[in-house]
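One structure below.
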Amino acid sequence: MKFASLSYILLYFLNFCTDLALSATPSDECEVCVSMVKRFAATLDNSIKDNPKEIEKAFKVFCKGTKSKENQFCYYLGGLEESATGILKKLSEPLAVPLPPEVICRKLKAVDSQICELHYDKQIDFKTVDLKKLKVKELKKILNTWDETCDGCVEKADIIKRIEELKPKYVRDEL
1 MKFASLSYIL LYFLNFCTDL ALSATPSDEC EVCVSMVKRF AATLDNSIKD
51 NPKEIEKAFK VFCKGTKSKE NQFCYYLGGL EESATGILKK LSEPLAVPLP
101 PEVICRKLKA VDSQICELHY DKQIDFKTVD LKKLKVKELK KILNTWDETC
151 DGCVEKADII KRIEELKPKY VRDEL
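Residue numbers (full-length UniProt numbering): 1 to 175.
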């Protein structure tokens, strides 16, 4: 009898420790997921917060203006028309409860590990960066982030010149 109750206590303790370890996910492990879930949850109207179907519709609308890693996140969840699969239910139901974004992302990771493999690109400090030392791919990424093109750019110097022209429009000097 004592052995059985001790076994239950040990089993309960191990289960508790496992849940605790799983809930302690580093904040940068699922940075795109956590960020997107927080931003999306903040946009939800009180009238639909407890309705998973309405949350799914709102998420599809939310995903229409996304780019880069955030667009990929929407694709993985099924928030885009071109998404191959859809696991929006795994997002909408926990949001309706509501659960914290970190927990929701951990649950999404269990379904599709790619979701937590998304990370934001490093931000470039335009005050200190030497554009000449960046690769052409990185320079083009800067222009792409700004929704700009470099028509007629043949050499790296042309792209750098275009970035320098656009810098005042997109780069704010911090006080």
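Ideal Cβ placement from N, Cα and C applies to all residues, glycine included.
These figures come from a predicted structure and were not determined experimentally.
Y75 has its alpha-carbon roughly 8 Å from the corresponding atom of T85. Going by C-alpha positions, E102 is about 45 Å away from G152. As the crow flies, the alpha-carbon of E164 is around 14 Å from that of N144. A residue is called buried when at least 16 other Cβ atoms come within 10 angstroms of its Cβ; V129 does not meet this threshold and is exposed.
S68: member of the alpha helix (DSSP H) spanning 68-77, first to last residue.
Under the 10 Å beta carbon count, V37 is surrounded by 16 or more other beta carbons and is classified as buried. It is roughly 46 Å from the alpha-carbon of R162 to the alpha-carbon of A96. Look at C33 here: in three-state DSSP terms it is helix.
It is roughly 14 Å from the alpha-carbon of C116 to the alpha-carbon of I87.
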